[in-house]
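Residue numbers (this note's numbering): 516 to 904.
Glycine included, each C-beta is placed from N, C-alpha and C at the ideal position.
Okay, structure first, notes after.
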Ligand code: FES
Ligand SMILES: [Fe+2]
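Here it is as structure tokens:
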């Protein structure tokens, strides 16, 4: 049993990356304050709808600009009335003829894509919009759904660990989706230079109630046995997109044709707030019953109540980490996906932080490129979970 790399308990996140800072609907003609990787940011939309992200501290006496007011495309400080434009330059000072050119606040690169407002907290020269994580299903007309933002009192990496290992469904979600069934065990972990993937197929199983109902909604006929999938894709530093669904057994889904089934995607992207808290943006989208608002609301609310169970566990885990700084993590077979996600994050951090622990972890990940991990059920799993091997 391997101790996890010592970077596991370090909270760092790379600065040179796009992070979701708001849902599109959160941003409008008002000032929204949010802390992102320990940067205080104020966001709003210009009159033409373009998003703006500025440092949330006035140049003069540091009052948060979010306490001020919009004036056209600019923001006026709520203390002595200095006005800053979307580039962060001061364009008005009361009782002064000339404006000190040094009077400015930091302006952050910002992009709106896939229904999120993305902010780049690192070097603006490196902020390439092509690097925004792929969550296009969230705005693709071939998919429908909705999501939420939750605030979690834990380091963002704990949420990634949670999403990369759906084994926890059995225990954390025992009152909702968790079943002691075949869903718990065999899976495969693969990884590339910029991705880690966990693939789990459950062939010829009874569909769980929620998926049975969805399949019947789509086909209009009673559902029989199904092939079910959960395919988890990680994109560093903090985006996890999970393919989920079921198709009638024997309709060719494992071979690549899922057209007879119901396909969903759980989209997740986490943005560190501080070392010990994060903003967790998620959505659930589907590729059938596109105009059915009832299904959208049903999924959004049931996923929200499932995630509330994770929130509780994650916050408790963070408190325990804080209380036991001398202890370390261990990696089990089920942590294969999380381990690769962590190594890919470490690789990004190693480029920014000359800490030998990150460099070592990054080298390990390069050395093992293309490795494949298969995790099978053991006889003990089968007995405990009551499954057939
Ligand atoms: S603190 Fe903002 S104008 Fe004085
Ligand atoms: Fe969960």
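Three-state secondary structure assigned by DSSP to residue i
| i | result |
| --- | --- |
| residue 787 | strand |
| residue 722 | coil |
| residue 533 | coil |
| residue 569 | strand |
| residue 613 | coil |
| residue 548 | strand |
| residue 735 | coil |
| residue 525 | coil |
| residue 517 | strand |
| residue 541 | helix |
| residue 886 | coil |
| residue 805 | coil |
| residue 768 | coil |
| residue 775 | coil |
| residue 892 | coil |
| residue 577 | coil |
| residue 868 | coil |
Among the options, nearest to residue i - alpha-carbon criterion
| i | options | result |
| --- | --- | --- |
| residue 778 | 585, 660, 576, 616 | 660 |
| residue 539 | 527, 524, 564 | 564 |
| residue 686 | 875, 834, 837, 821 | 821 |
| residue 748 | 817, 703, 720 | 703 |
| residue 894 | 727, 701, 844 | 701 |
| residue 535 | 587, 897, 665 | 665 |
| residue 772 | 719, 593, 742 | 742 |
| residue 889 | 716, 551, 546 | 716 |
| residue 709 | 718, 861, 729 | 861 |
| residue 728 | 813, 705, 707 | 813 |
| residue 652 | 871, 869, 602, 799 | 799 |
| residue 525 | 587, 542, 721, 673 | 673 |
| residue 760 | 733, 568, 750 | 733 |
| residue 806 | 867, 688, 724, 656 | 656 |
| residue 602 | 570, 886, 874, 789 | 570 |
| residue 867 | 626, 641, 899, 804 | 641 |
| residue 588 | 544, 809, 874, 735 | 544 |
| residue 719 | 731, 530, 688, 738 | 738 |
| residue 811 | 883, 679, 740, 658 | 658 |
| residue 533 | 650, 523, 600 | 650 |
| residue 542 | 530, 581, 735, 745 | 581 |
| residue 874 | 885, 662, 714, 859 | 859 |
| residue 561 | 627, 608, 885 | 627 |
| residue 586 | 599, 832, 791 | 599 |
Bounding residues of the alpha helix (DSSP H) (the contiguous stretch that carries residue i)
| i | result |
| --- | --- |
| residue 589 | No alpha helix (DSSP H) contains residue 589, which is instead part of the beta strand (DSSP E) from 589-591. |
| residue 827 | 808-838 |
| residue 864 | 851-865 |
Residue i: first and last residue of the uninterrupted beta strand (DSSP E) it sits in
| i | result |
| --- | --- |
| residue 879 | Not the beta strand (DSSP E): residue 879 falls in the alpha helix (DSSP H), residues 871-882. |
| residue 649 | Counting along the chain, residue 649 falls outside any beta strand (DSSP E), and DSSP gives it neither H nor E. |
| residue 755 | 754-763 |
| residue 595 | First-last for residue 595: undefined, no H or E at that position. |
| residue 500 | No answer is possible for residue 500: it lies beyond the span of the chain, which begins at 516 and ends at 904. |
| residue 848 | Run containing residue 848: none; DSSP gives neither H nor E here. |
| residue 706 | 702-707 |
| residue 554 | 554-560 |
| residue 586 | 584-586 |
Does the stretch 782-791 come close enough to the stretch 750-770 that 3 or more CB-CB pairs lie under 8 Å? yes
At what residue ranges does the stretch 601-688 contain a whole run of the alpha helix (DSSP H), taking only runs of 4 or more? 671-679, 684-687
Counting Cβ pairs, one atom from each stretch, are 3 or more of them under 8 Å apart for the stretch 518-526 and the stretch 633-652? no
Determine contact between the stretch 813-830 and the stretch 844-862, defined as no fewer than three beta-carbon pairs at a distance below 8 Å. no
How do the stretch 611-620 and the stretch 572-586 stand: do at least 3 beta-carbon pairs fall below 8 Å, yes or no? yes
Evaluate the contact criterion for the stretch 661-681 versus the stretch 828-841: three or more CB pairs, one atom per stretch, below 8 Å. yes
Whether or not the stretch 812-821 and the stretch 538-553 are in contact is what I'm after, with contact meaning three or more pairs of Cβ atoms, one per stretch, closer than 8 Å; do they touch? no
Between the stretch 629-644 and the stretch 592-601, do at least 3 Cβ pairs fall closer than 8 Å? no
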